[in-house]
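Sequence lines, in order, name chains A and B. Heads up: the first sequence begins at 11 in our numbering, then just goes up one per residue. Heads up: the second sequence begins at 327 in our numbering, then just goes up one per residue. Glycine included, every Cβ here is placed at the ideal spot set by N, Cα and C. Here is the structure we will look at, set down as structure tokens.
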Amino acid sequence: DAGVIQSPRHEVTEMGQEVTLRCKPISGHNSLFWYRQTMMRGLELLIYFNNNVPIDDSGMPEDRFSAKMPNASFSTLKIQPSEPRDSAVYFCASSPGTRAYEQYFGPGTRLTVT
Amino acid sequence: AQSVTQPDIHITVSEGASLELRCNYSYGATPYLFWYVQSPGQGLQLLLKYFSGDTLVQGIKGFEAEFKRSQSSFNLRKPSVHWSDAAEYFCAARDAGNMLTFGGGTRLMVKP
Numbered sequence: 011d012a013g014v015i016q017s018p019r020h021e022v023t024e025m026g027q028e029v030t031l032r033c034k035p036i037s038g039h040n041s042l043f044w045y046r047q048t049m050m051r052g053l054e055l056l057i058y059f060n061n062n063v064p065i066d067d068s069g070m071p072e073d074r075f076s077a078k079m080p081n082a083s084f085s086t087l088k089i090q091p092s093e094p095r096d097s098a099v100y101f102c103a104s105s106p107g108t109r110a111y112e113q114y115f116g117p118g119t120r121l122t123v124t
Numbered sequence: 327a328q329s330v331t332q333p334d335i336h337i338t339v340s341e342g343a344s345l346e347l348r349c350n351y352s353y354g355a356t357p358y359l360f361w362y363v364q365s366p367g368q369g370l371q372l373l374l375k376y377f378s379g380d381t382l383v384q385g386i387k388g389f390e391a392e393f394k395r396s397q398s399s400f401n402l403r404k405p406s407v408h409w410s411d412a413a414e415y416f417c418a419a420r421d422a423g424n425m426l427t428f429g430g431g432t433r434l435m436v437k438p
């Protein structure tokens, strides 16, 4: 079975550019999560969708960050404009049914903003 | 507020030696507990989970964990460590919002 798929795996961009990260959750899972991982702050939950609807976006750092889930099989995390402090690994995870705590993670996107 | 604590930031063990990674949680109700492993450059992989029942749970890759309510602990163990086990390990618990709260992680290094 395919796990959570993320693209790209690596992204290098210049400050001020728009960055779009993509995620395909496990088929049948109806909860989706975006996390950011840095050495300084560890793993941080950015936003959580249930049935394609954003439930909790309190972790989104600022208005430069936005996330969408247009359908059950696709989500995007966009940063516009990007800044060097956004450099991190961004993970997408999905979970089945009401078990939002049973999360399966994608391989991550390593973002470097120069 | 619920929290998950992994007291050891780094641990180094020799290949073939036994391993125990510590995890403590604070949560009033019966917790759902998880261990994840993150190999370098990879995402988090679920090793094992505890919801209820037998307090000793078996996971993948030869790992096991024991839930001890009296100690609020859920320590991860492996009898004989392999070099490929070098990774970062995260303990997590279901929180009051039905979400996951992660510990800070323990980085395991394996000496040949």
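Would residue i count as contacting chain A if we go by Cβ distances under 9 Å?
{"i": "B:Y358", "result": "yes"}
{"i": "B:F416", "result": "yes"}
{"i": "B:Y351", "result": "no"}
{"i": "B:R433", "result": "no"}
{"i": "B:G430", "result": "yes"}
{"i": "B:R420", "result": "yes"}
{"i": "B:Y376", "result": "no"}
{"i": "B:L372", "result": "yes"}
Determine, using beta carbons only, whether residue i comes closer than 9 Å to chain B.
{"i": "A:T167", "result": "Past the boundaries of the shown model lies residue 167 of chain A; chain A is included only from 11 to 124, so the question cannot be answered."}
{"i": "A:G118", "result": "yes"}
{"i": "A:V14", "result": "yes"}
{"i": "A:E21", "result": "no"}
{"i": "A:T108", "result": "yes"}
{"i": "A:D67", "result": "no"}
{"i": "A:G38", "result": "no"}
{"i": "A:E93", "result": "no"}
{"i": "A:D56", "result": "Going by the sequence as given, residue 56 of chain A is Leu instead of Asp. Chain B contact via Cβ: absent."}
For residue i, which residues does DSSP report across the bridge?
{"i": "B:Q364", "result": "B:L370 and B:E414"}
{"i": "A:G7", "result": "No answer is possible for residue 7 of chain A: the residues shown for chain A start at 11 and end at 124."}
{"i": "A:P117", "result": "Looking at the DSSP assignment, A:P117 forms no beta bridge with any residue, so it has no partner."}
{"i": "A:Q16", "result": "A:C33"}
{"i": "A:C102", "result": "A:W44"}
{"i": "B:E390", "result": "B:Q384 and B:R403"}
Using the rule of at least 16 other Cβ atoms within 10 Å of the residue's Cβ for burial, across every protein chain shown, is residue i buried or exposed?
{"i": "B:L370", "result": "buried"}
{"i": "A:H39", "result": "buried"}
{"i": "A:T122", "result": "exposed"}
{"i": "A:G118", "result": "buried"}
{"i": "A:R19", "result": "exposed"}
{"i": "A:A103", "result": "buried"}
{"i": "A:N105", "result": "The amino acid at residue 105 of chain A is misidentified as Asn; the sequence shows Ser. By the 10 Å Cβ count, A:S105 comes out buried."}
By alpha-carbon positions, which one of the options ends up nearest to residue i?
{"i": "B:L374", "options": "B:G367, B:L359 and B:S365", "result": "B:L359"}
{"i": "B:L347", "options": "B:Q368, B:T432, B:K437 and B:L372", "result": "B:T432"}
{"i": "B:T381", "options": "B:L345, B:V339 and B:S399", "result": "B:S399"}
{"i": "B:W361", "options": "B:E341, B:Y353 and B:Q384", "result": "B:Q384"}
{"i": "A:M49", "options": "A:G107, A:R95, A:S83 and A:Q113", "result": "A:R95"}
{"i": "B:A355", "options": "B:G388, B:S329 and B:V407", "result": "B:S329"}
{"i": "A:P64", "options": "A:R120, A:S37, A:L42 and A:I15", "result": "A:L42"}
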